Structures are given as structure tokens and as C-alpha cells.
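Q:
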Amino acid sequence: MRALYFGLIAITFGSASLFLSKYFFDVRLWDDFVTGYTLVLVAYTCYLFALLFVHDLRPRRYPRYAGGKIAVLIPVFNEEPDLVERSIRAVVDAEGEKQVIVVDDGSTNGVQSHLRLLADELGFRLHEFPENAGKREALFYATKWLLDDDAEYVVTIDSDTVLDPAALVRVVEPLLCPEIGASTGDVQLLNERQNLLTRMIGTYYWIGLNIYKQAQSVIRSVVCCSGCLAAYRASVLRAIIDDFAGQTFLGEKCTHSEDRHLTNLVLKAGYDVVYVPDAISWTETPATVRDFVRQQRRWKRGYVRESLFTLTYAWKVKPLLWLQILFWDLSAPFLSLGLRLGIVAMAFQQPRLLVTVVLPSWIALLVVRYVFVPLRATRKLPGLLLYMFFYEFCLYWLNLWALFTVKNKSWVTRVQPTTAESSTVF
Amino acid sequence: MKKRMAVWVVVLPLLAVFSMSLVGTALASHSTVEVKAGALIPAHPKQKGKLVLLEPSGSFALFKEFFGLKPSTSVCWVSEATLASLEARYATSVSTVDLGSRGSFQLVTVEDAATGHVRQLVGQNPCTLVQGHHTFFLPLDGHTS
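Chains X and P supply the protein sequences, listed in that same order.
Just so you know, the numbering used here puts 145 at position 145 of the first sequence, and the rest follows in order with no gaps.
Start counting at 1 in the second sequence, then tack on 1000, and there's your number in the numbering used here.
Set out below in C-alpha cells:
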């Protein structure tokens, strides 16, 4: 892991150095790099579309739910009582044979008394931590000590997630296939219409789930089962839970991005992981730029760390996923640093090129890569344009920030629950 | 299912055009200058000089180039004196073109050159047009994580 991490840093500096080399050495080096990057971009785009084509041509069908017990784990920390009640009631009312477990992770806002009343009324199992230990510890404890012995599936949801009545049975249906170890569902936004930002995030979610996660599902290698709605085969979860709790990165105990790591461990154990668009959940998203950026910083740290982890094992069990992570998902944001520096330089040296070359070609790339947005989710088109500008000017640079602060654990001790603390979706 | 497959009538041609444009322009950006430069040099084996690449300029030149209306970039073989005049007036950068068995030659790129004035400076020096290669050349990709 250490070597891979420093390799990624070398790629980042290498890309920037190649850009600078055109001013001091032979410009051909830079031209060759841009050409090579372009060819990989085209190859990746064709690969992505080929996966989506296979999905449309032969959509996967799973056996129907047959009544196996589903243990639903809901970690709670300082959540608003109304929100958590809505979430728990949705789970209790959902279809399927269930065991509902709520773990209060040392809340300090008094939500425990509300949870106790609800537990008496609805009959779910409530466990309270004396102090905040983190979501990872809550999942570990519940899996280790609170699951019924006859639970066949474990579904984890966030305490602000509201489930569709059929979500639980839909999300566990793939687990009836013995080769599938985990699955995840669709995440929609409760507050998408709140403002421009939330509309933009709505598009971001739609693309992340219906293009990228859908494509990963075709090769049965979804890299992140969203914390909003994730299902695991109970026997698999029990087998990996110790590794999950004891994860370290560069010598330090990991405390964030538990969803991605849990998914990674399922893949590493040799099981498939799939996406189920019919299993629908709703959640709230940050409604301010500050909160959204905070959330993205955390996600991107997890993305760097867990992508590196994927590289350590996927070549054995999921070679296609390994190639995808190595040559695009992980490397592209850092390889493209030089290209972005080139555009910044162009803005000063040849500003006309920005209008006549960069902008049209950027829009052309957008139109092609995200052609499914106008074709299948027309109302999200304005959000797409907004998102792409936001990505280039803000979110892209968080990748670099995440790379150099990946060990930072500043979000471990949460004080206030905000939507920025919500689980990783992609 | 038919509805889902119907969108591919739009998607597949779009993807094909996009891929061919990107690959074609990326690859063409390398070969064209070399080929054109190679054709210029043998005509003047004993004349001292340098290869110069003149980037487009003038009203709407880039706009026209983007839409393929005016491939205005050209490569020339100019004398040392002409090159000095060009360097005095315009921003330049130096690169190398590899002409195989004939060796490597320095290529001086003159950026944002005003066409009329450059023509005066270049005079009777031999020049040839080079295919512009900027179209669809922005290999960035958002939403990678």
C-alpha cells in the first residue's frame, strides 16, 4: 500500500513536470503524453459504453425473495428525533422478514429517550454506546453480538435514510445467487428541489448510480455499497468483520469510508457485488457549498485509500476491475493535473483558445460521455452543466487535497450530525 | 427493453464520431508536421536555415480552424536572418522533429503570428500548410470519484 500511495504521488508530480517540460525541454514529450492520455480516455469511454450496452441488451434478473431473515442495522449519532423516527418506521413497515437493530453511537442530543420509546412501541432491538465510537465500531459490534443466529442477510442503512417499502426485499434478492456477496440500491434525494446546489447534486447522484455504478454492476464489481442502503450475505459479513474493524492505512487505524472498505473486503473474498436500481432509498444531501465540499473531501480521501487497497488484491479475483482502477479510475484525476495546468496557462497566454477550442471540445466531451442524461433524465440536464463547472473549478482540486491528507482523521469525533457526515454513495 | 435499446441508435454513432475525432486528431498532430517538414528540407540541402511552424492568427482564424474551414497552420524553411526577425516580434518555442534516417531537426513554433506580417517576413521561403489539430482535443474527465 505504501509503495502504491507514493506511486500515485509520483504520477501527480510527473504529470505536472511533463507539462512544465514543454517550456524547458522537447515539447514532443508533452505531446506524446497528451496523445497517450487521449487514447486511454477513448478506450475507457468505449469500455464504459460497452458495459452499459450489455446491461441494456441483457438486463440481469434475480430470484424472488423467499422469506429469509433480514437483519437491518441502523447506527445513530445525534440524529434529529423526527428524522430517525421516520427512517425506523420506514424499515419496520418495509416488506420482508426482519430483525431491526438500532445502535446509538453515544449521542449527546438526547435522542436516546426518543429511541427507547420507539423501541418499546415498534419492538426493535436498541443498543446504546456510552460514548461516541464511530460508525465502524457500531457496525462491528452489531454484527458480532446483536445479529440473530438465523439472519441470512444484513442490510445497513443511515439514520436519515428513508426506504421504499420494497427496498429491503429488492436489495437482498441478488444474494440468493451464491456467487454474490453484497448488493446496493438506488439513492434519491429528499431535498433535491431545495436549491441549485441540491439539483446539481441530484444529477451527480444520477450519473454516479445509473452510469458508473450500473457499469460496474455488469462486471459484478461495484466498488462501493452505499451506506444509505447496502446488503451483505450474513455469513460473508461475519467472516470479514474482524478485518473490517482492524483496518489500518500507512500504520494508522482507519475510521472513515467504512462502506467502501466493507465492499472491498467482500470483493477480496471472491464474491460479486452488484447494483439493484429497483431498491430505492431516499436521503438528504448537503444544501450548502460548505457542507458539500466537506462531504466530498471525506469521500475523496476514502476513494484514494480504498482504490489503492483494491489494487492490492483485485488482479487475482477481479482482473477487469483492477485494470479499470489502475488505468483510469485512480490514475486519471492525478494524470490529468498537467492537462489542467495547461488550461490554466492557456487562460493567460492564449485566452481566445479557451473560447474557440477548450470550451467547445469540453462540451463535446460532456455531450458524449453523459448522453444518457438528456436521453433518460432530461430534467437533470441543467444540473449536469452546473456540476461539470463545479467539478473543474472546485471538486477536481479536492482529489489532490485528498491525496496529501489521506491519513487525516479530523472527522473521527463528530459533534454535530449534518448531511455532510452521510455515508459514501459512490 | 425496446425503449432502452432505442437510445443506442443515437448513442453508438455519437460515440463512433467522438472516438474517431479524438483518436484521429491526436495521432494526426504528430505525423503531419513531420511529413510536411520532411518534404521541405530536401529541396534546400545546402541552405542554412530552420524549420518554423506558424500558428494561426488573424480575425476568427481559430474559430475557422475549429470548424475545419481554414487549416491555417503552416510549416516553413526559413533563413537564420528571417528567424531572428520572427523571434524578435513573436513568442516562440522550440521543439524537435524526428525525420527518421535523416536525423532530428529543431522546429521553432511562432505563436499567435499575424498572417500578413509573417508572410512579408517569410517572403519567398518555402512554406506548406499543416492540418490544424485542436478539434475535440480536451481529454479531461470529470466524475471519476
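The C-beta atom is built at its ideal place from N, Cα and C for all residues, glycine as well.
Note that the structure is predicted; figures quoted are calculated from it, not measured.
#1: Is the number of C-beta pairs between the region 141-160 of chain X and the region 75-89 of chain X that are closer than 8 Å three or more?
#2: In chain X, which residues lie with their C-beta within 7 Å of the C-beta of R1004/P?
#3: Alpha carbon to alpha carbon, what distance is there between N210/X and F393/X?
#4: Mind checking the region 45-76 of chain X against chain P and listing, in chain order, the residues whose C-beta falls within less than 9 Å of any C-beta there?
#5: Taking C-beta pairs closer than 8 Å, name the residues in chain X that S1019/P reaches, listed in chain order.
#6: Measure from the alpha carbon of P174/X to the alpha carbon of each residue in R233/X, F124/X and V111/X, then state which is nearest.
#7: On a Cα-Cα basis, can you pick out the residue from T378/X, L52/X, P277/X and S331/X that is closest to T184/X?
#8: Measure the CB-CB distance between Y62/X and M200/X and report whether it falls below 8 Å.
#9: Listed in chain order, which residues of the region 372-393 of chain X have Cβ atoms closer than 8 Å to some Cβ of chain P?
#10: Indicate whether S107/X and F334/X have their beta-carbon atoms separated by less than 8 Å.
#11: Interface residues of chain P around V428/X at Cβ under 8 Å?
#12: E179/X and D272/X look like a contact to me (Cβ under 8 Å); what is the Cβ gap, rounded to whole Å?
#13: Taking 7 Å as the limit between beta carbons, can you name the residues of its chain near C228/X, skipping five residues before and five after?
#14: Use the C-beta contact count for P165/X: other C-beta atoms within 10 angstroms, 16 or more gives buried, fewer gives exposed.
#15: Using alpha carbons as the reference points, say which of Y313/X, T288/X and Y212/X lies closest to G270/X.
#16: I'd like to know whether the C-beta of V1007/P is nearer than 8 Å to at least one C-beta of chain X.
#17: How would you write the range of the alpha helix (DSSP H) that E152/X sits in, first residue to last?
#18: Under the assumption that A345/X contacts L354/X (Cβ atoms under 8 Å), give the Cβ distance between them as a whole number of angstroms.
#19: Examine chain P for any beta-carbon lying closer than 8 Å to the beta-carbon of Q324/X, and answer yes or no.
#20: Going straight from the alpha carbon of L1083/P to that of R294/X, what length do you get?
#21: For H127/X, write down the residues that DSSP places opposite it in a beta bridge.
#22: Note down the Cα distance separating Y141/X from E131/X, rounded to an integer number of angstroms.
#23: What residue range does the alpha helix (DSSP H) around A239/X cover?
#24: Please classify D105/X: is it buried, with 16 or more other beta-carbons within 10 angstroms of its beta-carbon, or exposed?
#25: How would you label V172/X, buried or exposed, when you count the other beta carbons within 10 angstroms and need 16 or more for buried?
#26: Would you call the region 192-208 of chain X in contact with the region 25-39 of chain X, where contact means no fewer than 3 C-beta pairs closer than 8 Å?
#27: I want to see whether chain P comes within less than 8 Å of Q350/X, judged by CB atoms only; does it?
#28: Who pairs with A230/X in a beta bridge, going by DSSP?
#29: In or out: P1013/P buried (at least 16 other Cβ within 10 Å) or exposed?
#30: What residue range does the alpha helix (DSSP H) around A402/X cover?
#31: When the distance is taken between beta carbons, is A1037/P closer than 8 Å to V1075/P?
#32: Just checking: is the beta-carbon of L126/X within a distance shorter than 8 Å of some beta-carbon in chain P?
#33: State the Cα-Cα distance for the pair L1107/P and L339/X, rounded to the nearest angstrom.
#34: Give the interface partners of V1110/P over in chain X, defined as CB-CB distance under 7 Å, in chain order.
#35: If we cut at 8 Å on Cβ distances, does V1011/P have a partner in chain X?
#36: Secondary structure at E252/X, three-state DSSP: helix, strand or coil?
A: In short:
#1: Touching, yes, given that three or more Cβ pairs across the two stretches are closer than 8 Å.
#2: Numbered from 1 along the second sequence, position 4 holds the residue referred to as residue 1004/P. Going along chain X in sequence order, the residues near R1004/P (Cβ under 7 Å) are D56.
#3: On the first sequence, position 393 is the one that residue 393/X refers to. On the first sequence, position 210 is the one that residue 210/X refers to. Rounded to the nearest angstrom, the two C-alpha atoms are 24 Å apart.
#4: Cβ contacts with chain P: T45, C46, F49, L52, F53, H55, D56, L57 and P59.
#5: Taking the second sequence and counting its residues from 1, the one referred to as residue 1019/P is at position 19. V42, T45 and C46, listed in chain order.
#6: If you number the first sequence from 1, residue 174/X lands on position 174. Checked all of R233/X, F124/X and V111/X; the closest Cα to P174/X is R233/X.
#7: Residue 184/X sits at position 184 when you count from the first residue of the first sequence. Each of T378/X, L52/X, P277/X and S331/X was checked against the Cα of T184/X, and the nearest Cα belongs to P277/X.
#8: Counting from one through the first sequence, the residue named residue 62/X turns up at place 62. Counting from one through the first sequence, the residue named residue 200/X turns up at place 200. Y62/X places its beta carbon 8 Å or farther from that of M200/X.
#9: Going along the region 372-393 of chain X in chain order, one finds F372, L375, R376, Y387, M388, Y391 and E392 with a Cβ nearer than 8 Å to chain P.
#10: Walking along the first sequence from the start, residue 107/X turns up at place 107. Walking along the first sequence from the start, residue 334/X turns up at place 334. It is not a contact, given that the beta carbons lie outside the stated cut-off.
#11: In the structure as shown, chain X starts at 1 and stops at 426, and residue 428/X therefore has no counterpart that could be examined.
#12: Here residue 179/X refers to the residue found at position 179 of the first sequence. Here residue 272/X refers to the residue found at position 272 of the first sequence. Contact flag correct, Cβ pair sits at about 5 Å.
#13: As a working mapping, residue 228/X is identified with position 228 in the first sequence. Excluding sequence positions up to five before and after C228/X, its CB lies within less than 7 Å of the CB of I157, D158, T161, V187, S281, T283, S423 and V425, all in the same chain and listed in chain order.
#14: Numbered from its first residue, the first sequence carries residue 165/X at position 165. By the Cβ neighbour-count rule, P165/X is exposed, with fewer than 16 other Cβ atoms within 10 Å of its own.
#15: As a position in the first sequence, residue 270/X is number 270, starting the count at 1. Ranking the options by Cα distance to G270/X, first place goes to Y313/X.
#16: Counted from its first residue, the second sequence places residue 1007/P at position 7. Chain X, which has a Cβ nearer than 8 Å to the Cβ of V1007/P, makes this yes.
#17: What you label residue 152/X is simply residue 152 of the first sequence in a count that begins at 1. First-last for E152/X: A151 to T156, but that is the beta strand (DSSP E), not the alpha helix (DSSP H).
#18: The residue you call residue 345/X lines up with position 345 of the first sequence. The residue you call residue 354/X lines up with position 354 of the first sequence. Cβ-Cβ separation between A345/X and L354/X: approximately 11 Å, too far for a contact (criterion under 8 Å).
#19: Reading the first sequence from its first residue, position 324 is the one you call residue 324/X. Contact of Q324/X with chain P is not assigned, every C-beta pair being separated by 8 Å or more.
#20: By 1-based counting over the second sequence, the position of residue 1083/P is 83. By 1-based counting over the first sequence, the position of residue 294/X is 294. Taking the straight line joining both Cα atoms gives about 54 Å.
#21: Walking along the first sequence from the start, residue 127/X turns up at place 127. Beta-bridge partners of H127/X (DSSP): V103/X.
#22: The residue labelled residue 141/X in the question sits at position 141 within the first sequence. The residue labelled residue 131/X in the question sits at position 131 within the first sequence. Taking the straight line joining both Cα atoms gives about 14 Å.
#23: Counting from one through the first sequence, the residue named residue 239/X turns up at place 239. Where A239/X is concerned, the enclosing alpha helix (DSSP H) stretches over A234 to A245.
#24: Taking the first sequence and counting its residues from 1, one reaches residue 105/X at position 105. Here D105/X is buried, its C-beta having at least 16 other C-beta atoms within 10 Å.
#25: Your numbering for residue 172/X matches position 172 in the first sequence. Buried.
#26: Short answer: they don't touch.
#27: Stepping through the first sequence from its first residue, residue 350/X is reached at position 350. Yes, Q350/X counts as interfacial toward chain P.
#28: Sequence index remark: in the first sequence, residue 230/X carries index 230 (1-based). Looking at the DSSP assignment, A230/X forms a beta bridge with T156/X and T184/X.
#29: As a working note, residue 1013/P is residue 13 in the second sequence. The residue is exposed, with fewer than 16 neighbouring Cβ atoms inside 10 Å.
#30: Position 402 of the first sequence, counted from the first residue, corresponds to residue 402/X. That run of the alpha helix (DSSP H) goes Y396 to F404.
#31: In the second sequence, counting from the first residue as 1, residue 1075/P sits at position 75. In the second sequence, counting from the first residue as 1, residue 1037/P sits at position 37. Cβ distance < 8 Å, so V1075/P and A1037/P count as in contact.
#32: Indexing the first sequence from 1 puts residue 126/X at position 126. At a cut-off of 8 Å, the C-beta of L126/X has no neighbouring C-beta in chain P.
#33: Numbered from 1 along the second sequence, position 107 holds the residue referred to as residue 1107/P. Numbered from 1 along the first sequence, position 339 holds the residue referred to as residue 339/X. Taken atom to atom, the span from the alpha-carbon of L1107/P to that of L339/X is near 23 Å.
#34: Against the second sequence, residue 1110/P aligns to sequence position 110. By Cβ distance, chain X contributes nothing, its closest Cβ being about 13 Å from V1110/P, past 7 Å.
#35: The residue given as residue 1011/P occupies position 11 in the second sequence. At a cut-off of 8 Å, the C-beta of V1011/P has a neighbouring C-beta in chain X.
#36: Taking the first sequence and counting its residues from 1, one reaches residue 252/X at position 252. It is a strand residue.
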